[in-house]
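Here the structure is laid out as structure tokens; the discussion comes afterwards.
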Amino acid sequence: KVLGDISGKKTECIIIPDSCELAYGDLFSGCPSLKGIYVPDSVTKLDGTDDNITIVGNKNSYAEYFAGINGNKFIMSGDIDNDGEIGVSDLLRQMSFIKGCTEFDGSLSKLVADMNHDGEINILDLIYMKHKILEGDSDVNIEALALPDLDMVRSFEKPEGQSGYLDFAADFSDNILIG
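To convert, count from 1 in the sequence shown and add 9; that's my numbering.
Structure, rendered in structure tokens:
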């Protein structure tokens with residue numbers, strides 16, 4: 010599949026869908042506020058970006074290669090502290106955000122923290138990051154990976170005053186991350 014023209018859009022970050030293979034032409038020209046693009050492993054051709062746009066993707070991917078040859082900054086998906094690896098400090102920052110204790114410093118940080126690339130930062134991103142830290146760069150089926158942890162969260166009784174499932178799950182994220 011090919012990504013269509015998005016020029017003129019007033020957005021800071023774009024998530025290219027996992028089903029997309031080609032994103033070329035002047036797709037990103039005319040997007041003066043664009044700061045970051047998530048490039049999935051499915052993409053085999055990308056162009057039309059300014060060198061001031063940060064490319065977010067997986068380690069050893071086309072996204073990293075593209076950034077390197079075009080002078081774009083590359084940040085590995087999940088590397089919230091931008092130290093070149095996904096580690097416990099990234100996990101703690103993500104957990105703190107989900108619990109509402111801190112905010113990310115802009116949309117680019119949220120793009121990097123969104124591990125499953127659904128446009129939201131939630132418990133699924135924590136589960137995905139946990140797997141990345143424990144298992145390394147192996148491929149992940151987030152739905153299959155999340156089932157045992159989500160079943161555990163559902164087994165807890167919802168405390169009074171919780172406004173929703175994700176709030177409840179975030180309060181019990183220590184149990185999920187240790188398990």
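The C-beta atom is built at its ideal place from N, Cα and C for all residues, glycine as well.
With residue i as the anchor, note down where its alpha helix (DSSP H) starts and where it stops.
i, result
"residue 138", "132 to 144"
"residue 121", "116 to 122"
"residue 65", "Taken as a continuous stretch (DSSP letters only), residue 65 belongs to no alpha helix (DSSP H), being part of the beta strand (DSSP E) at 63 to 66."
"residue 107", "97 to 107"
"residue 45", "Segment 45 to 47 is the beta strand (DSSP E) holding residue 45; no alpha helix (DSSP H) there."
"residue 78", "71 to 79"
In angstroms with no decimal places, state the Cα-to-Cα distance between residue i and residue j.
i, j, result
"residue 166", "residue 136", "Note that residue 166 scores 48 on pLDDT, short of 50, meaning its location in the model is unreliable; the coordinates nonetheless yield the value given after this. Going by the C-alpha atoms only, they are around 20 angstroms apart."
"residue 20", "residue 142", "31 angstroms"
"residue 140", "residue 29", "25 angstroms"
"residue 129", "residue 123", "6 angstroms"
"residue 49", "residue 67", "7 angstroms"
"residue 87", "residue 133", "12 angstroms"
"residue 154", "residue 71", "Bear in mind that the predicted position of residue 154 carries a pLDDT of just 47, short of 50, making it unreliable; the figure below should be weighed with that in mind. Rounded to whole angstroms, residue 154 to residue 71 spans 25 angstroms at the Cα level."
"residue 114", "residue 62", "17 angstroms"
"residue 22", "residue 127", "13 angstroms"
"residue 119", "residue 110", "15 angstroms"
Hey, residue i and residue j: beta-carbon distance below 7 angstroms or not?
i, j, result
"residue 83", "residue 73", "yes"
"residue 107", "residue 81", "no"
"residue 45", "residue 100", "no"
"residue 25", "residue 32", "yes"
"residue 27", "residue 51", "yes"
Going by CA-CA distance only, name the one from the options that's closest to residue i.
i, options, result
"residue 59", "91, 41, 102", "41"
"residue 78", "56, 98, 85", "56"
"residue 102", "75, 131, 51", "131"
Hey, quick one: how far does the beta strand (DSSP E) through residue i stretch, first residue to last?
i, result
"residue 3", "Limits of the chain in this structure are 10 at one end and 188 at the other, which puts residue 3 out of reach."
"residue 22", "22 to 24"
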